[in-house]
Amino acid sequence: MENMKDLENKALAEIAAATDLKTLDEIRVSIMGKKGALTEAMKTLGSLAPDVRIETAKTLNSVKANVENALSQRKAFLENEALNARLKDETIDVTLPIRPETQGRIHPVSKIYEEVVAIFGEFGFEVAEGPDIEDQFHNFNALNMPLDHPARQMQDTFYISHNKDKPFDMDDAYVVRTHTSGIQIRTMETQKPPIRIIAPGRTYRSDMDATHTPMFHQVEGLVIDKTTTLAHLKGCLYDFVKAFFELDEIPVRYRPSYFPFTEPSAEMDIGCLKTKTELKIGAGNDWLEILGCGMVHPNVLKAGGIDPDVYQGFAFGVGLDRLAMLKYGIPDLRTFFESDVRWLKNYGFAPLDFSSLTGGLSNNGGQTR
Ligand code: PHE
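Structure below.
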């Protein structure tokens, strides 16, 4: 059986030298395949004398076991190597900065939206949503603006007929929402307090000049709990404007105002310096209005199914487009919606430069300006 030992040694050497899975399989076939050397040797066993047969079978079995073992070890090794090579080959470094030649740009409104969500997300707020086409209950009535309420005239509403078989009836029509405040009601209808949400969305009013467009964007904020106070509102919005304008200090003031759905109501101003050529936020003797806010009116809580004797809260509404104009120095709102690629190239942001409080909100480094 000397030649069997030779066969084994030769096979083991070949297996050890195989550098790819295909070669390894060819070796396997040449030894253990139907016509392989070992298979052929096994076939001769029957013709041997019994005592020789036992010895030969033992040797053959040991050769077989050794070769099989070597084959499977080498196979595992080669498979592992192939996998590692593939992993190395197909690696994408996701930390690389976006390539400067990338054509697409993030619209400033989308960018501001991401920034606002990043800030309030850090404060523990969740994002809520509502429909663009809204019924009057959610847009007006439930917000303490019944049909005959004069405040309905404060906003130039677009009404939409929703029953083509009936003559247009303004009292029964739908509206394209004039503000995101309807989402306050939708949230109260579906969530139990404590509530802490922001709700971004498109809003619509019949208005058009350098600072107004018929479609614009707002973010609504709503906090409801048993002990939520005006102090919480002030602290929350102060922290928001500091984070948003990326300033350590920023003068703020609240002016009394009127919204039917909050009592008391206020408008928040931030300190700034206005010159002929420049607007500097956070310094100087001028003030800029940036949002409306107040304590949620008890009638609104009631309409949302929340007991105003147990719960109270605050709400605010910010114009996203206005924030974008202020933060990124864009003079005319109408240009936001002209879909001019040159404008977007100038004012837009590099994709994949995500906003976060820790990583930087505006990432001006990634901008192409
Ligand atoms: N909905 C108001 C607006 O569109 C803003 C606002 C929201 C005011 C919430 C107070 C509270 O002007």
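Heads up, the sequence shown is in the numbering used here, so the first residue is 1 and it goes up one at a time. A virtual CB, placed ideally from N, CA and C, is assigned to each residue, including glycine. Because the structure is a prediction, the values reported are computed rather than measured.
Residues bridged to Trp343 [DSSP beta-bridge criterion]:
Taking the sequence shown and counting its residues from 1, the one referred to as residue 343 is at position 343. In DSSP, Trp343 forms no bridge with anything.
Val67 classed as buried or exposed, judged by whether at least 16 other C-beta atoms fall within 10 angstroms
As a working mapping, residue 67 is identified with position 67 in the sequence shown. Buried, since its Cβ has 16 or more Cβ neighbours within 10 Å.
Residues sharing a beta bridge with Ser265, DSSP:
For the purposes of this step, residue 265 is identified with residue 265 of the sequence shown, where counting begins at 1. Partner(s): Ser257 and Gly294.
Ala41 and Leu60: beta carbons closer than 8 Å?
The residue you call residue 41 lines up with position 41 of the sequence shown. The residue you call residue 60 lines up with position 60 of the sequence shown. Closer than 8 Å, so yes.
Considering only residues of the same chain and omitting the five flanking positions on each side of Pro308, which have a CB-CB separation below 7 Å?
On the sequence shown, position 308 is the one that residue 308 refers to. Only Pro298, Leu301 and Lys302 meet the Cβ criterion.
At the level of alpha carbons, what is the spacing between Ser110 and Val116?
Position 110 of the sequence shown holds residue 110. Position 116 of the sequence shown holds residue 116. Computed Cα separation, rounded: 10 Å.
Cα separation between Thr39 and Asp89?
Taking the first residue of the sequence shown as position 1, residue 39 is located at position 39. Taking the first residue of the sequence shown as position 1, residue 89 is located at position 89. Between Thr39 and Asp89, the C-alpha separation is close to 40 Å.
Segment limits, beta strand (DSSP E) that includes Val318
Your numbering for residue 318 matches position 318 in the sequence shown. Where Val318 is concerned, the enclosing beta strand (DSSP E) stretches over Gln312 to Gly319.
Where does Arg196 sit, in a helix, a strand or coil, going by DSSP?
In the sequence shown, residue 196 corresponds to position 196, counting from 1. Strand.
Using CA coordinates, which residue listed in Asp20, Gly104, Val318 and Asp6 is at the minimum distance from Lys75?
If you number the sequence shown from 1, residue 75 lands on position 75. Selected option, being the one with the closest Cα: Asp20.
For ligand 1, is there a heavy atom less than 7 Å away from the beta-carbon of Ser355?
Translated into the one-based positions of the sequence shown, residue 355 becomes position 355. No, Cβ of Ser355 sits at least 7 Å from all heavy atoms of ligand 1.
With distances taken Cα to Cα, identify the nearest neighbour of Glu14 among Asn3, Glu26 and Gly221.
Numbered from its first residue, the sequence shown carries residue 14 at position 14. Looking at the Cα atoms, Glu26 is the closest of the given residues.
Please list the terminal residues of the continuous beta strand (DSSP E) segment that includes Lys58.
Start at 1 with the first residue of the sequence shown, and residue 58 comes out as number 58. No beta strand (DSSP E) contains Lys58, which is instead part of the alpha helix (DSSP H) from Pro50 to Asp89.
Buried or exposed for Gly365, please, with buried defined as at least 16 other CB atoms from any protein chain shown within 10 angstroms of its CB.
The residue you call residue 365 lines up with position 365 of the sequence shown. For Gly365, the predicted model reports a pLDDT of 39, less than 50, meaning its position is unreliable and no value from the coordinates is stated.
Looking at the secondary structure, which residues open and close the beta strand (DSSP E) in which Asp307 lies?
Locating residue 307 in the sequence shown gives position 307, where the first residue counts as 1. No beta strand (DSSP E) contains Asp307, which DSSP labels as neither H nor E.
Who are the Cβ neighbours of Phe316 in its own chain at under 6 Å, not counting the five residues just before and after it?
Along the sequence shown, read from residue 1 onward, the residue named residue 316 stands at position 316. Once the five neighbours on either side are set aside, the close Cβ partners of Phe316 are Gly221, Leu291 and Cys293.
On the DSSP bridge assignment, give the partners of Gln218 in chain order.
Translated into positions along the sequence shown, residue 218 becomes position 218. Gly201 and Gly319.
Within 8 Å, strictly: CB atoms of Gly313 and Ile224
As a working note, residue 313 is residue 313 in the sequence shown. As a working note, residue 224 is residue 224 in the sequence shown. Cβ distance < 8 Å, so Gly313 and Ile224 count as in contact.
Exposed or buried, His138, counting other C-beta atoms within 10 Å across all chains shown (16 or more means buried)?
What you label residue 138 is simply residue 138 of the sequence shown in a count that begins at 1. The C-beta of His138 has 16 or more other C-beta atoms within 10 Å across all chains shown, which makes the residue buried.
Rounded to whole angstroms, what's the CA-CA distance from Glu289 to Phe244? Just pull it up for me.
Taking the sequence shown and counting its residues from 1, the one referred to as residue 289 is at position 289. Taking the sequence shown and counting its residues from 1, the one referred to as residue 244 is at position 244. In a straight line, the C-alpha of Glu289 is about 15 Å away from that of Phe244.
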